[in-house]
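Trainee: Just dropping this structure here.
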Amino acid sequence: MIDATLHPVPSGFISVLAAVPRENQPVLAIRLSGYTCSIFELLTARYMPTYRPRSPWRDISNDAVGDSGSDIIGWREAADWIRPN
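Everything in the sequence shown is counted per the numbering used here, starting at 9 for the first residue and increasing by one.
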């Protein structure tokens, strides 16, 4: 579990402990970075519990977000920035 006192979810993001986005809707997601040069990583992701109940956070290529780094801690709507074809 993430220690929210060490690394609180930045302003403008919704904590995944408070709410999750609509299913299959691309969002800007934030997670703790595994690199020493930054605290957080920002990525495009989708929450897909019907598709993969045990690993619902997927990147836009449908790979599990946890396969490439830490779990998502927050998200924000991105409709103005991400427009599907």
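Even glycine gets a Cβ: it sits at the ideal position worked out from N, Cα and C.
By a C-beta neighbour count over all protein chains shown, 10 Å radius and 16 as the cutoff for buried, is Arg30 buried or exposed?
Mentor: As a first step, residue 30 must be located in the sequence shown, where it is residue number 22. Exposed is the call here.
Trainee: How close, in whole Å, do the beta carbons of Ile81 and Arg39 come, if the pair is a contact with beta carbons under 8 Å?
Mentor: Walking along the sequence shown from the start, residue 81 turns up at place 73. Walking along the sequence shown from the start, residue 39 turns up at place 31. With 8 Å as the limit, Ile81 and Arg39 qualify as a contact, their Cβ atoms being about 6 Å apart.
Trainee: Would Asn32 pass as a contact of Arg54 if the rule is Cβ separation under 8 Å?
Mentor: For the purposes of this step, residue 32 is taken as the residue at position 24 of the sequence shown. For the purposes of this step, residue 54 is taken as the residue at position 46 of the sequence shown. Their beta carbons are under 8 Å apart, which means Asn32 touches Arg54 by this criterion.
Trainee: Assuming contact is defined by CB atoms lying nearer than 8 Å, are Val3 and Ala86 in contact in what I supplied?
Mentor: This structure leaves residue 3 out entirely; the chain is present only between 9 and 93.
Trainee: Starting from Asp67, trace the beta strand (DSSP E) in both directions and tell me its first and last residue.
Mentor: Along the sequence shown, read from residue 1 onward, the residue named residue 67 stands at position 59. From DSSP, the beta strand (DSSP E) with Asp67 extends over 65-67.
Trainee: Give me the DSSP bridge partner(s) of Gly82.
Mentor: Within the sequence shown, the letter at position 74 stands for residue 82. Ser23, Ile38, per the DSSP bridge assignment.
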